[in-house]
Amino acid sequence: DQGFAQLDIAELAPDIVRLADRHFAGINHGVSGQRGVHVFYTDGRNYLLTQNKRYDLITIERTSIWSAGAANLYNREFYQIAATRLAPGGVLQQRVPLHHMRPIDFITLVNSARAVFKYVNFYVGGGQGILVITNDTAAAVQNPAAEAVLTRGLQAAHATATVPGLKASLVADANAVDQMLTRKLGPAGERLFLSTDNNLYLEYATPKGNAVTTDTAQQILGLFTSPSAAAGPVASVASVQQFASAASARARLARNPGGA
């Protein structure tokens, strides 16, 4: 019992739920069969788009962003849909892989979320990134009621887990994220470095990260923590122009897939 009256699960593959029930019930507490839990075998983004429920929490767990179609959950339009489906005080939580993720792709992803939401917080847990996102000022600050729910949920999964331990995994709060975006992109870059349904930047860019042999996780953390973090923008005027040109070409292709 994590304090939620109702839980809706969107999953594309019925076999995933069946096998999770069979082999991982001891970990997930047989969640799909519990009272108040409803499983919908559909695309999660489409599910949010085609109904009008509002949620206190929307949580997304993608194993990778570079799989075909996965970047649709990191485009600006997805964040716009999610924002309309959050109740007052609601929070969107989203996993972001850090391995094979080039820093500029991470920056574009975060900037796309920030284009819609006021508060984007960046955590790291289990070696991977977690975005905790909201438009609600009260939800962005310490909330005793929310901490009580978090404590129950954490202890149900891990007896020794604590909210302070979760807080310790915070790499950058919303202010630090905003400062990083301003420092690395500048005003022009913040307007242009977006992944959208008409400019599928992340769909096409993130697979290239699989060819990177350096430790991209440390590079991403360095955006916030390294002494050189304030050394200057990663988006020069030339790179902004190049990004804008590529975005225009992708938009033309999206409008006319068979044309030149």
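Under our numbering, the final residue of the sequence shown carries the number 486; numbering is consecutive throughout. Here a beta-carbon is modelled for each residue, glycine too, at the ideal position from N, C-alpha and C.
- Per DSSP, reduced to three states, the secondary structure at residue 264 is strand.
- Taking the CA atoms as reference points, residue 280 sits about 5 Å from residue 312.
- Here residue 291 carries a coil assignment [DSSP, helix/strand/coil].
- Proximity of the stretch 292–309 to the stretch 424–433 meets the contact definition, three or more beta-carbon pairs being nearer than 8 Å.
- Around the beta carbon of residue 254, fewer than 16 other beta carbons sit within 10 angstroms, so the residue counts as exposed.
- A distance below 8 Å separates the beta carbons of residue 349 and residue 395.
- Here residue 300 carries a coil assignment [DSSP, helix/strand/coil].
- Taking residue 316 as reference, the option from 332, 284, 333 with the minimal CA-CA separation is 284.
- Here residue 347 carries a strand assignment [DSSP, helix/strand/coil].
- For residue 439, the closest alpha carbon among the candidates 234, 328, 340 is that of 328.
- Residue 326 is not a Cβ neighbour of residue 422, given a cutoff of 8 Å.
- Annotation: residue 287 to residue 412 spans about 30 Å, alpha carbon to alpha carbon.
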